[in-house]
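What follows is a short report on a single structure.
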Amino acid sequence: MMRRLKLIAVICALFGAALALALAEPPRHDFPPVGCWEVLCGDFHMHTVNSDGKLTTRERVEESYNLGYDVIAITDHGKPGPYRVARYLGEPLGLIVVPGFETGVLGKEHYVALGAPATFKPRDSHRWSEKPGEKTVHYQEEMRAIAEAGGILFQAHPPNEWREPTDWGVKQGIIVGVEIQNGYGKVESGSGPLGGVQCYPHSFDWALKNNLALFANSDVHGTRRQGPQPVTLVFVSERTPEGVMEAIRARRTVAWFNGIVCGREELVSKLLSAAVSAKKSGPTQLTIENCSPIAFRAELRGNTIELPPYERTKLEWSGGSSMTIRWLNVWTSLTSNLEVELKIVEPEAVTSLR
Ligand SMILES: [Zn+2]
Ligand SMILES: [Zn+2]
598 MMRRLKLIAV ICALFGAALA LALAEPPRHD FPPVGCWEVL CGDFHMHTVN
648 SDGKLTTRER VEESYNLGYD VIAITDHGKP GPYRVARYLG EPLGLIVVPG
698 FETGVLGKEH YVALGAPATF KPRDSHRWSE KPGEKTVHYQ EEMRAIAEAG
748 GILFQAHPPN EWREPTDWGV KQGIIVGVEI QNGYGKVESG SGPLGGVQCY
798 PHSFDWALKN NLALFANSDV HGTRRQGPQP VTLVFVSERT PEGVMEAIRA
848 RRTVAWFNGI VCGREELVSK LLSAAVSAKK SGPTQLTIEN CSPIAFRAEL
898 RGNTIELPPY ERTKLEWSGG SSMTIRWLNV WTSLTSNLEV ELKIVEPEAV
948 TSLR
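Be aware that the sequence shown starts at 598, since it is given in this note's numbering, and climbs by one per residue.
Structure representation (structure tokens):
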């Protein structure tokens with residue numbers, strides 16, 4: 598009996614050591630509440646050794662946590678299974694994990710499925726046929742199966758052409774989103790489609806025209822690059838996997854990558870109103886506070902101002918009780934920046950007790 602107990606103790610110790618995670622303190626990445634929503638930082642496209650990635654599921658979970666993500670999906674090609682390990686490791690850290698895998702049409706579109714359970718068995722991953730009765734499963738049949746299993750799809754690294762499988766999936770309400778950024782893009786001074794940043798500009802148009810959620814995901818296979826990561830901001834009613842899926846279905850996402858923010862005007866305007874406030878701090882002075890992890894760049898009366906994350910910036914001001922700000926790194930379409938009227942809050946008056 599003693600022997601057996603000892604053996605169990607040794608196994609537990611070994612198992613415990615194997616589970617010790619290589620964790621670091623994540624960077625600050627909280628947002629103030631936006632109305633009744635909490636804003637989470639997500640990455641919904643990444644690979645592990647279970648398909649063609651270089652890292653284990655555990656290493657992906659550690660890496661994502663360390664970088665400050667709140668929610669991830671491990672999306673190996675045709676393999677929903679790694680979700681179970683990821684969830685087991687992520688949950689105690691407060692990292693939300695939603696089930697996912699990558700799939701698609703033979704030689705054409707790739708889609709990421711989110712929300713179908715880990716037990717779901719994908720057929721002919723990346724080999725769906727475009728017509729029924731061929732050797733591999735017809736795309737409509739497999740998209741339906743994913744939807745019936747409780748999942749949704751978004752299009753990954755979209756090619757320029759809007760083709761029938763995407764059109765059909767969108768019309769059926771199965772495809773609910775599209776990546777505007779996949780990986781890290783390139784920043785080339787002034788030459789990229791959006792403020793010098795390379796991405797998939799056509800998918801921004803698609804998202805606006807077809808009411809799709811915008812995603813900025815890493816699609817990382819090896820070790821991540823240092824520096825800013827692509828982030829899909831998700832506006833959730835509750836901080837749970839179900840809450841994340843509900844927000845994605847309701848298209849409450851904003852893409853933040855390479856220093857720019859892309860989203861539908863009604864959502865990014867709410868984000869900016871919650872994240873940035875202006876207060877009078879002297880007869881001719883204003884203090885603008887940015888309570889978010891995003892560095893904003895704005896144009897105000899012809900001047901460009903920089904608002905670093907979680908900082909207060911002082912400005913000379915002799916205007917009225919509100920100001921019109923154009924947010925130079927916040928895009929509401931391929932050709933327009935967000936413009937909002939920001940209210941200037943007066944310092945609290947000292948009120949008499951009597
Ligand atoms: Zn792909
Ligand atoms: Zn991928």
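From the three backbone atoms N, C-alpha and C, an ideal C-beta is built for every residue, glycine too. Values in this document were obtained by computation on a predicted structure and should not be read as measured data.
- Annotated three-state conformation of ASN900 is strand, per DSSP.
- Pairing VAL873 with VAL858, the inter-Cα distance amounts to about 15 Å.
- LEU931 and ASP802 have their C-alpha atoms roughly 7 Å apart.
- Just measuring C-alpha positions, the residue of GLY856, SER834, VAL851, PRO825 sitting nearest GLY792 is GLY856.
- The beta carbon of MET920 is closer than 6 Å to those of LEU939 in its chain, skipping five residues each way along the sequence.
- Here GLU660 has LEU652, THR820, ARG821 as same chain residues with Cβ atoms under 8 Å from its own Cβ, once five neighbours each way along the sequence are excluded.
- Pairing PRO629 with CYS888 gives a Cβ-Cβ distance under 7 Å.
- Partner residues in the beta bridge of ILE693, as assigned by DSSP, are VAL668.
- Among the bridge pairs identified by DSSP, ASP640 is matched with ILE669.
- A direct Cα-Cα distance of roughly 47 Å separates GLY780 from PRO880.
- Contact annotation: the segment 893-913 does not touch the segment 827-846, with fewer than three C-beta pairs closer than 8 Å.
- Taking 6 Å as the cut-off, one finds no heavy atom of ligand 2 near enough to the beta carbon of GLU706.
- Taking the Cβ of GLU699 as the reference point, at least one heavy atom of ligand 2 falls within a distance shorter than 6 Å.
- Rounded to the nearest angstrom, the Cβ distance from ILE669 to ASP640 is 5 Å, consistent with a contact under 8 Å.
- When distances are taken from the beta-carbon of ASP816 to the heavy atoms of ligand 2, the shortest one is below 6 Å.
- HIS644 and HIS723 have their alpha carbons spaced roughly 15 Å apart.
- When C-alpha distances from VAL767 are compared across ALA746, ARG741, PRO790, the shortest belongs to ARG741.
- When the Cα atoms are used, ARG625 and GLN737 turn out to be separated by approximately 42 Å.
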